[in-house]
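Just below is one structure, and these are the notes that go with it.
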Amino acid sequence: CSGNKVVNKPAELTAVERAELQFERVWSKRVGAGTAGKFAALAPLIVDTRVFAADAKGRVRAFDTGAGATLWTQDTEYRFVAGPGMGADQILLGTLDGEVVALDAVTGEQRWRAMVDAEVLAAPVQDRNRVIARTVDGRVVGLDADTGDAEWEFTRTAPALTLRGLSNPVLRGSSVIVGLDTGHVVSLDTRTGEVEWEQLIREPTGRSELERIVDVDAQLLIDDGRLFTASYGGELVVLSAITGREIWRRNLRSYTGMAIQGDQLYVTDAEGKVWALDVVTGAAIWDQSELAFRGLTQPVWYRGNLIVGDYEGYLHALSPADGRIIGRTRPARDAMLTAPRVQGERLYVLASDGTLAALEGAPVSR
Amino acid sequence: YESFVIEDIQAVGLQRLEIGTILTYLPVTNGDELNDRTGQQAIRSLYQTGLFENVALGRDGDTLLIYVEERPAIASFEIEGNKKIKGEEVDEAMESAGLKQGELFRRVILDQVQQELTRQYYANGYYDVKVETEVEEVSDNRVSILVKVTEGRVAKIEQINIVGNEAFSDAELLDTFKLEASNVFKFFQRSDRYSKQQLLGDLEALSSYYLDRGYLKFNVDSVQVALTPDKKDIYVSINVSEGQTYTVSSLEFAGDLILNEDYLRRLVLLDAGDTFSRKEATEGAERISDALSNFGYAFADVRPLPELNEDDRTVKLSMYVDPGSRVYVRRINFSGNLKTQDETLRREMRQFEGAVFSRAAVERSRIRLARLAFVEDATVETQPVPGTDDLVDVIFEITERPPGSVQLGVGFSGSQGFLLTGSVTHSNFLGTGNRVSASVESNEFSRSIAGSWTNPYATPEGISRTVDLRYRESEQVVRFSSGFDTNTATASLTYGFPLSEYTSIRLGGGLEAVTIETFANQNITSNEVLEFVVAEGTKFYNLELRTGIIRDTRNRTIFATRGALHRLTLDLTVPGSDLQVFKAFYNFQQYVPIYKGLFGEINASVGVADGYGDTDLIPPYERLFAGGSRSVRGYRDGTLGPRDTPRNLFNNPFGGKFRIYAQNELIIPTPLETDNKSTRLSVFYDIGNVFNEVDDFETGELRSSYGIAYTWFTPFLGVLDLSYAIPVGPEQGDELDRFQLNFGTGF
Amino acid sequence: CASDDDALAPANPFRDELPKRLLRLQADQVYRMARRSLDAADYDGAIGQYRAILLRFPFSQYATQAQLELIYANYKAYAPDSALADADRFLREHPRHPQIEYVYYLRGLIHYSRANADGDLLPWSDSHSYDPTYARRAFDAFGQLIQRYPDSRYAPDARQRMVLLRDRVAQHELEIARYYMKRKAYVAASRRAEDILERFQGTSVIPETLGMLESAYRSLELTELAEATASLAQANYGAPVTPATETSGPHAKPEQLSLPPVIDRTGPETVTSDDASEDSAP
Amino acid sequence: CNLVYKLPVNQGNVIEQEQVDQVEVGMTPEQVEFLMGSALVKSELRETVRWDYVSYYLSPRDKELRRNITIVFENGVVSEIIGASNETDREQSQPVDPPPTR
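These protein sequence lines map, in sequence, to chains L, H, E and X.
If you use my numbering, the first sequence corresponds to residues 1 to 366, in order.
If you use my numbering, the second sequence corresponds to residues 1 to 747, in order.
If you use my numbering, the third sequence corresponds to residues 1 to 282, in order.
If you use my numbering, the fourth sequence corresponds to residues 1 to 102, in order.
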């Protein structure tokens, strides 16, 4: 192993021995040009029986969950890069030109557009009449949900070198919790933007700017009063969602996210290893490294199994007991930048080439 | 240990060094008392030498024992795996970390090396690099060090996104950037490599782009650089707020102006009503301080002070002038002149010692030095004299060009075929700046001996004197076989009188004795020659008057890049000579800067040679010829223009009385030597021809060609001209010569 | 291929150490070979061999002698830059070496040869009118020798050369002053002349400088200063001074010292250039 | 008429009458230097400390124009000013050709 060109080679896929889950594509549609080759945080949004998705060239489409019938298609000038996020009968999108755009959920018509002066790289969220969006320069802005007027702004200057991508703001009651690029997590009141609490997840250490990256880019997870967070600097920390007090922490580097089921927490780490941890203590139960460096997404719980997407458009099913790969399908040819979305028996994925697919997984009949 | 008086000092454990070395650095010697304090001092001073791994003191009776362990020397070190970053960059980094053969090895070197290499790779966008070091012990207290590098992939800039710009589009602004998003069409693109310094530079360029267009309130609010998790792509996003444009409400001058205000006002291109531009403001200030430094105020400080009025968005621009004290020149020094005498350089000075400093005079002096044939480049530096605030030394640093060109043996020129030549030209004889050249030639057609000596400073003011002696016998031909022999002997004395910095006039006289021999009977002499000989005879003694006026503003005599040369000369034989002939030439050379490093050179000439008074035919050897590398390339030397008769026998070029040609060259900056001081590559378009009489001129008859030419100022052979030309629509009968080579030719 | 961390590999007890004596013998042979090529003026060959000694036998006492003679070899091979670098390194590493005076003297010689190196090429030209910086560097190098080792055996020759160098620089200054007189730039000429009187006392140019200074002040109608200069000249040099044509002062070329001295302090056996006492059986 | 271009020779300090009038006996060397700049002719040859402000101009037609002002110092202050009064000094800084074209 002399100085080979690529330091971390993506693992080769091996055949699945005893598949227990097989997938069936229900319908598949195209949403414009997808991410146009650039990094983006575009993901499908499922609200009741409608699925919304957008591409990087300004096209937004809505489909019926049943057979994927197109409800409406809207072509705009915006360079969408995040969302859509769910609002009250409107969907919210972030653009590369520092704008937040609200479209009517039923007709797709634009309701309003707000200028927030920096790239909106996370899906905006809405709590009653407040839309909360965050920007790459470390700001969180509260907008009036009907007009888009700025109501409040929270600022923490971002470090010089960060990891591309932001974790989405997460609503809890009348607070919104945001994982910042400074390695902190903050809980703000949605109406006023006041800081309820702020907790340090990971202190930047190391000599070079690269070693000092501590972004909390992994999607935050709230489950029965506990807030699960992870920093790219190398810490996975569980806090109380109410007070922000730390419950337990262990070192594990992740920029994608986690899933929880029963007393097990499942997380994809930065090197593409999937871990199962004990929810109470954080101790590792098993880890699955056959998919190392394949750009894995956050794991999602689907009908008793774990599902992760990868950089070649595959979906892998893992057994929650020991992490064994028990199923695989390839709904698209191109990378999945965001995790699949689950609604009931259905799985929805949006790949970066614009493929939006609805799948159903069923146990393999013995 | 209790203290004692040192009787003797012994060293234990020395390998490479001697006891003498220790004694030099040891603060104590025989007879001193060794106690805790002096003991500590001794150990510390020995450590400070950096020569020893560890030092201990011991005692044997009254002898001080010094136990030393010399630091192992580094026997060898190599680096493997560093493909992308090699060469001096790495060696310098290693050396600065103390990793050099023969140096002493210290453990701290290992992480310095690791840190230094990692930093260099990060600086070049290799965010995925891994550097490991290994030390292996070799015989004789020496170690060899191995540094292993795994480079990984380089991170490329995927996207630079400017947010908040309305006045100018992203594309227009990104054009001013050196960094660029990676573009699949650009293969060896390096501008997509992220580097922090370069980004800072680009942000500077961005803000001056706005400030230069009046957006005084422009501000870069924040910049984010983000790396994708797979460390492959970099996204740069720049958030700006433009603000509004400002217009100039008034331009005033404050401080001690020295020069009158309207002269200064003309130097600043901003006035009431214009949109403010920072570039114009700073350049205006520079022009004022330059002007001041022409009157002795070398350290004038001129600053543009814009006062913003936010409500009506106007700027009151005041130029604050602080002239500082009037400065005098203490000494003028030259360095780098190994072969040139001091006076040869000092006489070119337009600035005197013990006199008021003038920037224009110093700059003019620098250009005059650079124009000397034996000087390749001249730079100047003005250093304040310490301890005074109004005295400066002016230091000229020159790089000498090989002055001489000795050329023996074989020469090659299109017209005369192979010629055995021996010529010596030395443009800086004995460092005195005199140009001396002597040449002997002999080939099929002619034998000649010539010598010339030019003293540019016959008088201190710069009147030049040139003495030129020439004897030439040429058989058969001036060109090919027009069938006559000539023997010419000339001696001339010409003076050059400077009229101003750029203009001088040429005045001189020359004696000429020519005999022509024709061979009418064996009909190998053409009719034209016979006609002349019948009319004018075969022996001529002429006294020639040489006049001319030259205006030369070029910044160098060889490979100039700026300025122009106009040279109008008239040589005529004085009435009473056997032949009344005059030759008038207008040569014009102009350098035209086109774009950044690219510039053009136009070399044109119009010449007339004719008889006057009772001579109406001019001698064949005085006729003018064209074609070849000096006039229209692509045509054989001297073959353009009328042919002699009878056609069937001769049909050789016979020259004409009127010649006109122009060589237009586009100089291409050669990547290997950007200041093209000794080489020059150009593409050219030549056009011209020779006509028997002035009124025979017809544009249709002009011949032209285009091609590529390379000139190289060789260390010993003088100027080498190489050209490949493609004639445009050559007429029937034209003799072509696409590839032409000339060297050893003087200039 | 994970390499262990950077702990030093343990010394290998079983690797056979070259017996010290055999090592020294090899060193001795290489040294004698180098010395032979040095004596035969094959300086490049000698340089190669000295470098070999330094590399392969860094701890033998030949290494120090090789370092010394390497300086001389580079000097004779017209490689002044590497000669100077080696000399400075030698001074730093062996400040108390018995031949240290020789190294200081050699440094002076190296600069001296460069000061009129071109002079030799064009013998008929007086070389002092070229770049004087090398002359100044040679002057300082010899100065260091005399200041540290006033009674060294090289001191007399060094002093003599310093006088000549100082005279050469003075002549260069005078030449500039003469030029300014020719151009009627009397203030420039007077300042240069005053500077020569101040810095180059005792050189051969003083008489002419005084004469020039006097005429410069007269042309500036500073008669009082002119008188003062004349009386000074009168006092020192008798008759009013006419510009000296032939510059007096030592012009003889000081004799060149040929070879570096032989080792006289070595290990047990002494090595002189001619016979090498045979070592006992290898 | 002598057409040949000869560089005018200008030497020494620029003396402005306005400054000269301000120099008084008793001033310290620094004060004089502030007013007149440093004197270019400061001879070491004599015991008395004396500064000569010399302004010399030789036109291309060999017409000489000069003015000398001598300031003598005794125990640290100006004791005598010679040649301060007479005709004013022409602003004789070198007639400079226009700044060289870029």
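Think of the CB as a built atom: it goes at the ideal place given N, C-alpha and C, for glycine as much as any other residue.
Quick caveat: nothing in here was measured; it's all calculated off a predicted structure.
Pick from Leu579/H, Asn239/H, Gly628/H and Ala662/H: whose alpha carbon is nearest that of serine 605/H? Residue Ala662/H is the option with its Cα nearest to serine 605/H.
Cross-strand partners of valine 267/L (DSSP beta bridge): According to DSSP, which records beta bridges pairwise, valine 267/L is partnered with Met258/L and Trp275/L.
Could you give the distance in angstroms between the alpha-carbon of glutamine 90/L and the alpha-carbon of alanine 105/L? Approximately 4 Å between the Cα atoms of the pair.
9 Å Cβ cutoff met for alanine 115/E and leucine 54/E: Taking 9 Å as the cut-off, the beta carbon of alanine 115/E is found no closer than this to the beta carbon of leucine 54/E.
First and last residue of the uninterrupted beta strand (DSSP E) at isoleucine 6/H: No beta strand (DSSP E) holds isoleucine 6/H; DSSP gives it neither H nor E.
Does the distance from the CB of glycine 761/H to the CB of valine 581/H come in under 9 Å? With chain H covering only 1 through 747, there is no way to say anything about residue 761/H.
Return the residue from the list Leu200/H, Ser423/H and Arg153/H that minimises the CA-CA distance to threonine 176/H. Measuring from the Cα of threonine 176/H, the nearest candidate turns out to be Leu200/H.
For a cutoff of 9 Å on Cβ pairs, would you count asparagine 742/H as touching chain E? Output row for asparagine 742/H: interface = no.
Skipping 5 residues on each side, what residues in its chain have a beta carbon closer than 6 Å to that of asparagine 692/H? The residues are Pro642 and Gly656.
Check whether alanine 93/H and aspartate 128/H have beta carbons under 9 Å apart: Not closer than 9 Å, so no.
Own chain partners of serine 76/H with C-beta closer than 7 Å, once the 5 adjacent residues on each side are dropped: For serine 76/H, the CB contacts under 7 Å within the same chain, skipping 5 residues up- and downstream, are Gln101 and Ser144 in chain order.
In chain E, what lies closer than 9 Å to phenylalanine 352/H by C-beta? By Cβ distance, chain E contributes Tyr180, Arg183, Ala185, Val187 and Ala188.
My output table needs one value for leucine 291/L: the three-state DSSP class, helix, strand or coil. It is coil, neither helix nor strand.
Between which two residues does the alpha helix (DSSP H) holding leucine 91/E run? Here the alpha helix (DSSP H) through leucine 91/E covers 80-93.
Report all residues from its chain with a CB closer than 7 Å to the CB of valine 90/H; omit the five preceding and five following residues, and keep chain order. Here the set comprises Ile79 and Asn82.
Between which two residues does the alpha helix (DSSP H) harbouring isoleucine 110/E extend? Element bounds for isoleucine 110/E: 100-115.
Please report the distance separating the alpha-carbon of arginine 554/H from that of glycine 563/H. Taking the straight line from one Cα to the other gives about 4 Å.
Using C-beta distances below 6 Å, list every residue in its chain close to glycine 12/X, excluding the 5 sequence neighbours before and after it, in chain order. Result list for glycine 12/X: Leu40, Val54, Ser55 and Tyr56, in chain order.
How long is the line joining the alpha carbons of leucine 13/L and leucine 227/H, rounded to whole angstroms? Whole-angstrom Cα-Cα distance: 27 Å.
Taking three-plus beta-carbon pairs below 8 Å as touching, is the region 116-134 of chain H in contact with the region 44-64 of chain H? They do not touch, by the three-pair rule.
Give a yes or no on whether the minimum CB-CB distance between alanine 226/H and chain L is below 9 Å. With 9 Å as the cut-off, alanine 226/H counts as an interface residue toward chain L.
Just grab the DSSP bridge partners of threonine 282/H for me. In DSSP, threonine 282/H forms no bridge with anything.
Host alpha helix (DSSP H) of phenylalanine 532/H (start-end): For phenylalanine 532/H, the enclosing alpha helix (DSSP H) starts and ends at 527-536.
Strictly under 9 Å for the Cβ-Cβ distance: is glycine 296/H near chain B by that measure? This model lacks chain B altogether; the protein chains it does include are L, H, E and X.
By the criterion of Cβ-Cβ separation under 9 Å, what are the contact partners of histidine 111/E in chain H? Ordered by position in chain H, no residue passes the 9 Å Cβ test against histidine 111/E, which lies about 14 Å from the chain.
How close, in whole Å, do the beta carbons of glycine 354/L and glycine 66/L come, if the pair is a contact with beta carbons under 8 Å? About 21 Å separates the Cβ atoms of glycine 354/L and glycine 66/L, ruling out a contact at the 8 Å cut-off.
Using a Cβ-Cβ cut-off of 9 Å, state whether tyrosine 53/X counts as contacting chain H. By this cut-off, tyrosine 53/X is not an interface position.
Where does glutamine 41/H land, buried or exposed, given buried means 16+ other C-beta within 10 angstroms? For glutamine 41/H, the number of other beta carbons within 10 angstroms of its own is below 16, and it is reported as exposed.
Straight-line CA distance for valine 81/L to alanine 300/H? Roughly 54 Å separates the two Cα atoms.
Cutoff 6 Å; reference glutamate 211/L; Cβ partners in own chain excluding five residues on either side: There are no such residues.
Beta-carbon spacing of valine 79/L, glycine 108/L below 9 Å: Checking the sequence shown, residue 79/L turns out to be arginine, not valine. No, Cβ-Cβ distance for arginine 79/L and glycine 108/L is not below 9 Å.
With DSSP as the reference, label glycine 510/H as helix, strand or coil. If DSSP states are grouped into helix, strand and coil, glycine 510/H belongs with the strands.
Return the chain-ordered list of same chain residues with a C-beta closer than 6 Å to the C-beta of lysine 84/H, the five sequence neighbours on each side being excluded. Leaving aside the five residues that flank lysine 84/H on each side, the residues in its chain whose CB is nearer than 6 Å to its CB run, in chain order, Glu151.
Evaluate leucine 269/H with the Cβ neighbour count: other Cβ atoms within 10 Å of its Cβ, from every protein chain shown; 16 or more gives buried, anything less gives exposed. Classification of leucine 269/H: exposed, given that the 10 Å Cβ count is below 16.
Are the C-beta atoms of serine 629/H and some chain E residue less than 9 Å apart? Taking Cβ atoms only, chain E never reaches closer than 9 Å to serine 629/H, which makes this a no.
Opposing strand residues paired with valine 54/X [DSSP bridges]: DSSP lists Asn68/X as the bridge partner or partners of valine 54/X.
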